[in-house]
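What follows is one structure encoded as structure tokens, with my remarks underneath.
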Amino acid sequence: MMPRKMFVSFSGVDGAGKSTQIAALRKWLEAQGLRVSTITFWDNIATLTGIREGAGHKIFKGEKGVGSPEAPVNRRDKNVQSWPMTCVRLGLYALDAVSTRINVKKALKSDADFIIFDRYIYDQFANMKMRSGLIRTYVKALMKIVPRPDVSYVLDADPQAARARKPEYPLDFIYINRRAYLDLADMLGGVTVIPAGPIEQMKAEVLRHAFRAHELGRDARRSDRTGHAAAG
Ligand SMILES: Cc1cn([C@H]2C[C@H](O)[C@@H](COP(=O)(O)OP(=O)(O)O)O2)c(=O)[nH]c1=O
């Protein structure tokens, strides 16, 4: 059977376990003989990242880098949720949506069989107040141009545990951020929320969904072919 090209995305609050799950999925796929490519959203798809990081640092006096339990940092970027900042985001995320579309198409033309996105446009949207009607309308509009991954994973996490692993943002922001991911998943549908749990349990869930999506894709191809045969 020819492997079908698939792409999945991993989203969730910092410290939810994205890197851990991506590494595990990658290892498993490679053991099946698949060529896997990982694309980091912030480094490869988000637009104007240099300016965006600089603004978080200069305007909001935030610290840079990833915190560790021994050396927490106090970042001020996505946790700034003022209305002026939201307006800037509305513009930037529209550019990110276009960039996502272009980069997904490019990735699907590469020689990889399976593409894993480390974060996706969902992680940008989750920085906004998903309860606002205006924001919801905006997000739905942008999703019309953003390709939907075969599986869009949202790794759920207990905010306290996640913050203990990666102390970069205040705990209240992580609560709001987690809620926004779940609201987004509800609103968009077709998002796979992996409940917080032990790493091994989450790995099993991640694999199960990837496998299921692969099977569904194969069935779709099969009926596609049957359709063509009937027409020809
Ligand atoms: C999810 C999780 C992570 N970790 C560790 C692994 C990493 O060193 C660190 C952060 O996890 P990581 O996978 O890097 O999270 P993310 O990519 O979503 O920010 O915490 C645990 O010890 N237990 C867990 O349940």
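Letter by letter, the sequence shown follows residues 0 to 231 in numbering that gives the first Met the number 0. Note that the Cβ used here is the ideal one computed from N, Cα and C, for glycine as well. These numbers were taken from a predicted model, which means no experiment stands behind them.
Looking only at Pro194, Ala195, Tyr180, the smallest Cα-Cα distance to Gly188 is reached by Tyr180. As computed with DSSP, Leu154 is found in a beta bridge with Ile193.
A Cβ-Cβ contact shorter than 7 Å links Thr99 with Val145.
When the Cα atoms are used, His208 and Lys4 turn out to be separated by approximately 16 Å. The stretch 16 to 30 makes no contact with the stretch 132 to 146, as fewer than three CB pairs between them are under 8 Å. Pairing Leu94 with Ala195, the inter-Cα distance amounts to about 32 Å. The Cβ-Cβ distance between Asp13 and Lys165 falls below 7 Å. Look at which beta carbons fall closer than 6 Å to any heavy atom of ligand 1; those residues are Gly11, Asp13, Gly14, Ala15, Gly16, Lys17, Ser18, Thr19, Arg164, Lys165, Ile198. When the alpha-carbon of Lys60 is set against those of Trp27, Ala184, Arg75, the nearest one is in Arg75. In terms of Cα proximity to Arg88, the closest of Ala54, Lys17, Pro71, Asn102 is Ala54. Contact between the stretch 103 to 111 and the stretch 34 to 46 is present: three or more C-beta pairs spanning the two stretches fall below 8 Å.
The three-state reading of DSSP puts Ile134 in helix, counting H, G and I together. The shortest CA-to-CA distance from Lys77 to any of Ala140, Pro68, Ala70, Tyr92 is the one to Tyr92. With distances taken between CA atoms, Trp41 lies nearest to Phe116 out of Val205, Ile198, Phe116. Scanning the stretch 90 to 140 for uninterrupted alpha helix (DSSP H) segments of 4 residues or longer gives 120 to 124, listed from N- to C-terminal end.
Residues of the same chain with a CB within less than 6 Å of the CB of Asp182, apart from the 5 flanking positions on each side, are Met129 in chain order. In the displayed model, Ser10 falls within a strand according to three-state DSSP. Runs of the beta strand (DSSP E) lying entirely within the stretch 26 to 55, each at least 3 residues long, are 35 to 39 in chain order.
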